[in-house]
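The next block holds one structure in the form of structure tokens; read it before the comments.
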Amino acid sequence: MPQKSIREAINEALLLEMRRDPSVFLIGEDIVGGAGGKGEEVDPWGGVMGVTKGIYGEFPDRIIDTPISEMAYIGAAVGAAVSGMRPVAELMFCDFIGCCLDQVMNQAAKLRYMVGGKAEVPLVIRMQMGGGFSAACQHSQSLYPLFAHIPGLKVVVPSNAYDAKGLLITAIRDNDPVMFFEHKGLYDDKDEVPDGDYSIPFAEARFARDGSDITIVATGRMVKFAIEAADQLASEGIACTVLDPRTVSPFDEISFIESLEETGRLLVVEEAYPFCSFASEVAAIAAQKAFYALSQPVRLLTPPHTPIPFAPELESAYFPDAERIAGSVREMLDAAAPKRGAAA
Amino acid sequence: MPQKSIREAINEALLLEMRRDPSVFLIGEDIVGGAGGKGEEVDPWGGVMGVTKGIYGEFPDRIIDTPISEMAYIGAAVGAAVSGMRPVAELMFCDFIGCCLDQVMNQAAKLRYMVGGKAEVPLVIRMQMGGGFSAACQHSQSLYPLFAHIPGLKVVVPSNAYDAKGLLITAIRDNDPVMFFEHKGLYDDKDEVPDGDYSIPFAEARFARDGSDITIVATGRMVKFAIEAADQLASEGIACTVLDPRTVSPFDEISFIESLEETGRLLVVEEAYPFCSFASEVAAIAAQKAFYALSQPVRLLTPPHTPIPFAPELESAYFPDAERIAGSVREMLDAAAPKRGAAA
Amino acid sequence: MAFKKSELQRAYRTMRVIREFEDRIHSENSLGNVPGFIHLSAGQEASAVGVCWNLNREDYISSTHRGHGHTIAKGCDVRAMMHEIFARASGLCNGKGGSMHMADIGMGMLGANGIVGAGAPLSCGAALAARLRGTDNIAVSFFGDGAYNEGAVLESLNLSKVLNLPIIFVLENNGYGEATPAEYAVAGDILKRAEAFGLVAEETDGHDFFAVEAAARRLIKRAREGKGPALLHSKLSRYYGHFEGDPATYRPKGEVDAIKKERDSLMLFRRRVEGDKLLTVAQLDEIDEAVIAEIDGYIVEAKQAPPPAVETLYRDAYGSY
Amino acid sequence: MAFKKSELQRAYRTMRVIREFEDRIHSENSLGNVPGFIHLSAGQEASAVGVCWNLNREDYISSTHRGHGHTIAKGCDVRAMMHEIFARASGLCNGKGGSMHMADIGMGMLGANGIVGAGAPLSCGAALAARLRGTDNIAVSFFGDGAYNEGAVLESLNLSKVLNLPIIFVLENNGYGEATPAEYAVAGDILKRAEAFGLVAEETDGHDFFAVEAAARRLIKRAREGKGPALLHSKLSRYYGHFEGDPATYRPKGEVDAIKKERDSLMLFRRRVEGDKLLTVAQLDEIDEAVIAEIDGYIVEAKQAPPPAVETLYRDAYGSY
Ligand SMILES: Cc1ncc(C[n+]2csc(CCOP(=O)(O)OP(=O)(O)O)c2C)c(N)n1
Ligand SMILES: Cc1ncc(C[n+]2csc(CCOP(=O)(O)OP(=O)(O)O)c2C)c(N)n1
Ligand SMILES: [Mg+2]
Ligand SMILES: [Mg+2]
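Residue numbers (this note's numbering), protein chains in the order written: chain A, 11 to 354; chain B, 11 to 354; chain C, 19 to 339; chain D, 19 to 339.
Shown next, in the form of structure tokens:
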């Protein structure tokens, strides 16, 4: 199967869906670039990370550059969705949600409910997230927990190219507003990705590794690090399950609880802020619904409760990495507590 | 001691601090009312709930009505705070944060950190929250978990008049941005409130009831319902601790864990959305740090993961109430599981 | 434009329905019969009806917290609206939305809105959708003088011109945003603001159906022809407080009474059609009576209708989850 | 205004420092020596220096992602800035902020900003603070053509007029917001937009220090006297890509070269002061050489300076927690 990067996988998903369904269109800032200008290229940018590059050639009318007016154009995407289109809007960095949260939180998320189900909002908002670029505190956030808190939104956080394509296709075909998070540090990560169209259902977690000693839940870039750690630990005789929820909301509770019933131990690794987070949510679900399966305290490996620092040395200490994941697992397994699981 | 409503307590805190410190000023929409107009009263509104009524008379220059431009005036409050003032801004309903999140999340919350500690943002944002008025999905939210997720912000959720006054005074004197949530359904609730100034430290939970059978954590209006439930349960021989964190961020982990060590059981009652919430956070802390104290699964009593409905019948089914709290406690105590606490 | 008699009857009737709808909610509310936050548009009927007169079902409007009039003018089911006001399962939104969230997408009504200014981007989107589909449909964004200072509205003005959207912004200036006079809150010049964004802008007498209808007609025609966005500044007054319960002491004494006496939209309409002998007093009275009976019927019925079943609480957050 | 010789030297020197700062970061960045996202302001020096020429330390400015020039012009420590660029403990923000968050509150610099338009409300606040304190200090908000379409900026225009704030909005129009031409994104007329909000608005040649200085002087004087807010439209160009790494293929070939040849801010300054015999070529060359050496020294030093200690990561989120 062909190897493709996440960037290519997303580009392909967009093109395939635009070909399939004329109501799909793209809107965002510089997702083409050079609008109305005198440069030589027709789409000099294709987004700040080049993800939408090349689409303009095929669909010049269905990829729209806007002024820097997030509230207006994200809101326009909501309005277009309610009135029958399937917009895929790009919010360049999820950090910019501060400029348009209302249209997402109070309009898109609530519209269907507030009219008693008599409206649909088939909208996708694609956003960059994540650290690792020394992009500092306003361009490195992973704000999906904030969106996951809001009823009415679905939240997707792919960790690899295959999933990115299949989940984006599902997102576009979904009739609810879907927040689609792309990690800026993963765009070049390659993976086997079929050329044709395929979709991955929401709320189906992926078992990236199977192992009976511990369940590591991780999303986005953290999946990569968790896999690295698991592979290292495997060579030490520690068998880790790495569970990638893929969709944060809805969350695949069933797979998660099943896994905990097997392993009895939970480590959640997240790149997002820790407080009132998805990591907290996963731990809370365990404490509610898999309590008797747990043999020892749940552990969360997350950044500290601070903004994201600029200096590379600080930034790399800020985010969890494979080494710290492995370290946490070792500490958990070393902990004296007897395994409780089946006893209860 | 005089009985005062939360409305009065907040008004009093504002006045006292304005008298004490000339850098304190108020800014918001219609917190005076009638600006530049020809009505007879000088401050016909004093805010949509009358909380700031009467302040204009004493401080006409330090209570400022703005156009309906949340991003600009909340941002102006941030800018004034950084440049040496102590603004208390009112965001009429916390639901409106969608129009100004950037200034709160990316500016106020991060400023101190991004300049290496060489700035201070002594800003308070007062906001209404909460349901119970059939005000429907855009005027009934309790969005404090969203703010608590953001490092750099402090989040205060008072449940009674005494606390509201003392916490607001602390908030105004604090050098960090403080999000102050006022439940619209509690404004008329009365309590003993001293006339003078006093402050309540952050991260000091209040034990509203003491009891060794279960710890009920609740904030805002839910504290009232939890107390009601606890008093009812007391008459049935069930002894509940009702723990009111008062400040959600920072959270008083110490009191919380101490209480769990005594009771071994945790019920969290929240009015906010459930997913990635403060309720999840409290449960997660228990699962991490009080695991061996817990004798049975943690339980969360929250609204469902949906927007807030309009119809009174739906709304009252949506929010937890005293009866459901009591019901949950009874179910938990009826659960067969043996108390594990000390054994581990 | 020459109106047919039946058209005049329909226009008057719609305005009268709005007035009666609002007046009756006002009295029901004073009796404590109506749940939630209510903002009434009595006094502003001519603007809603005059603008929507030029719209098809396939055109979209977005509205505000003060949205009953627009919703009625766009042709939504008044009976279902009244049931919604009373929070009934049979309401327009099945009792889930209430006054601030009246909407009927199928009728081209994108919704009242609890967030000031939030309708403007939504209407931009509906206008964009119309353009992408290649239809000549347009969108209208109704908002108030207070909303003219919201980022969402201001950005939308610019966006609409950049994308040459078929949209009309209807600024219904009733002189106040809550308790704050427009003269205080709206700096500079209202028409010039829109013009500076490249929009065509016109002012009209929002109390006068015929004036509004004519101005809206011109602007909407342009928009349908792909000639771009416009702003209509509709000057009018609201009769009740900002919300039900507001004593409106920020208004000078007698302000509302004077307007009622001199510039009432129904009175002006009557004066014109009676004067021009287009409709008789009797014909108009008949409409009044019919409307009074109609609205009363809805209220009687709504009061007895069942509330939504509690299970419905859990539905409709998602199409699937 | 007649400038003293020492003033001319200082103005030229500051512009030269900015240029050299940016040019050297550009080359260091090409070598992979600079972390993070970098936006350079080479070409825009005259605007930053011309405006800040009229400010006191107690006046505040807010800036943008493209903020080095403003920060230098406001008098912040250039050495500490370079250390910040290289993410050092000795940096202006102790290595926590980087290029996009350069700030020095004590010097009246409220910060570069990673969020387009976000500085405008902050400056409104600083202006309001000045007014509340009864000083004659003012605030400046620098932003770009692209930012002129952000709600935060548009709301701020209105707010500044409503509150009669002592603030100058300096719209630095370099023709592009990222890859998007201003002609596409900014609908209508730039000056009229501000005027329609009630502001005084002027246009100036942002390449020409003397033009900018004079225009800013007029507007700032008004603001200090309590006569209200103004907008200065400063037309200029950036020499590098939007961010470091952007090949800027959206610009017509030769656009930048032509500007460098004809409208370079340093060249124009030299032409004027040499022509008017205010400074000699030798005096100006001497400044150039001194600045080159100075900046080079900072870079050499910054490269060797220690990074922030890892423990500092946990500090500074709060004053207390
Ligand atoms: C974003 C936001 N800010 C503030 C409010 C509170 N609010 C509701 S209506 C209103 C006044 C709106 O004034 P205007 O636009 O003139 O409309 P009118 O009420 O006069 O019809 C305000 C401030 C809100 N609902 N949303
Ligand atoms: C709210 C927000 N939207 C988008 C961006 C991405 N972005 C960074 S700079 C920029 C262009 C800004 O253009 P302009 O205001 O003209 O400033 P210039 O870069 O030309 O100096 C954009 C879109 C951002 N940082 N913040
Ligand atoms: Mg109004
Ligand atoms: Mg620019």
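The beta carbon of each residue, even a glycine, is placed where N, CA and C say it ideally should be.
task: Flag N176/C as yes when its Cβ comes closer than 7 Å to any non-hydrogen atom of ligand 4, and as no otherwise.
output: no
field: Extent of the continuous beta strand (DSSP E) to which C250/A belongs
entry: C250 to D254
field: CA-to-CA distance, G142/A to P326/C, given in whole angstroms
entry: 50 Å
- prompt: Using the C-alpha atoms, what's the distance from D122/D back to G129/D?
  reply: 7 Å
query: Where do the N-terminal and C-terminal ends of the alpha helix (DSSP H) with K299/A fall, by residue?
result: F288 to K299
task: Check the C-beta distance from H260/D over to H57/D and give it rounded, since I have them as a contact under 8 Å.
output: 7 Å
- request: Could you name the residues of chain A that V52/C contacts, counting a contact when the two beta carbons are closer than 7 Å?
  value: Correct list: empty, because the minimum Cβ distance to chain A is about 18 Å.
heavy atom of ligand 2 below 7 Å from D40/B C-beta: no
- prompt: Between F235/A and ligand 2, is the CB less than 7 Å from at least one heavy atom?
  reply: no
- prompt: Say the cut is 7 Å; is the CB of Y194/D nearer than that to a heavy atom of ligand 4?
  reply: yes
message: Just checking H57/C against ligand 5 - is the residue's beta carbon closer than 7 Å to any of the ligand's heavy atoms?
response: Among the ligands present in this structure, namely ligand 1, ligand 2, ligand 3 and ligand 4, ligand 5 is not found.
field: Per-residue DSSP class, three states only, for P260/A
entry: coil
query: How would you label K194/A, buried or exposed, when you count the other beta carbons within 10 angstroms and need 16 or more for buried?
result: buried
query: Which bits of chain A does G116/D rub up against, with CB to CB less than 7 Å?
result: S144, A146 and F320
message: Quick check: the Cα distance between L249/D and M232/B, rounded to an integer number of angstroms?
response: 50 Å
message: In this structure, how does DSSP classify Q13/A when only helix, strand and coil are distinguished?
response: strand
message: Is G164/D close to ligand 4? I mean its beta-carbon at under 7 Å from any heavy atom of the ligand.
response: yes
query: What do you reckon, are the CB atoms on I43/C and I103/C nearer than 8 Å?
result: yes
message: Are there any heavy atoms of ligand 1 lying less than 7 Å away from the beta-carbon of E220/D, as far as the coordinates show?
response: no
field: Beta carbon of G126/C nearer than 8 Å to that of D77/C
entry: yes
Test item: CB-CB of L172/C and L140/D under 8 Å: no
query: Any contact of the stretch 93-102 of chain C with the stretch 313-325 of chain C, i.e. 3+ C-beta pairs under 8 Å?
result: yes
- request: Output yes if chain B places a C-beta closer than 8 Å to the C-beta of D334/D; else output no.
  value: yes
- prompt: For the stretch 196-217 of chain D, which residues have a beta carbon sitting closer than 9 Å to at least one beta carbon of chain A?
  reply: E196, A197, T198, P199, E201, Y202, A203, V204 and A205
Proximity test, V158/D beta-carbon vs ligand 2 heavy atom, cut-off 7 Å: no
task: Indicate whether at least one CB of chain C lies closer than 8 Å to the CB of T180/A.
output: no
- prompt: So, using beta-carbon positions, are A66/D and H83/D closer together than 8 Å?
  reply: no
message: Rounded to the nearest angstrom, what separates G137/C and G124/C at their Cα positions?
response: 17 Å
Reference E281/A; option with closest CA among P155/A, C110/A and I78/A: P155/A
- request: Whole angstroms is fine: what's the gap from F55/D's alpha carbon to G115/D's?
  value: 11 Å
field: When A29/C, E63/C and S338/C are compared against R281/C, the one with the closest alpha-carbon
entry: E63/C
- prompt: Going by Cα to Cα distance, which pick from V279/B, A236/B and T229/B is closest to P255/B?
  reply: T229/B
message: Under 7 Å, CB to CB, which of the residues in the stretch 146-178 of chain C have a partner in chain A?
response: L146, A147, L150, G169, A170, E173, S174, N176 and L177
message: So, for A23/B: in the same chain, excluding its five sequence neighbours on each side, which residues have a beta-carbon less than 6 Å away from its beta-carbon?
response: K175, L178 and I179
- prompt: So, helix, strand or coil for S159/C, using DSSP?
  reply: strand
message: For a test of the three-state rule: what should DSSP assign to R256/D, helix, strand or coil?
response: coil
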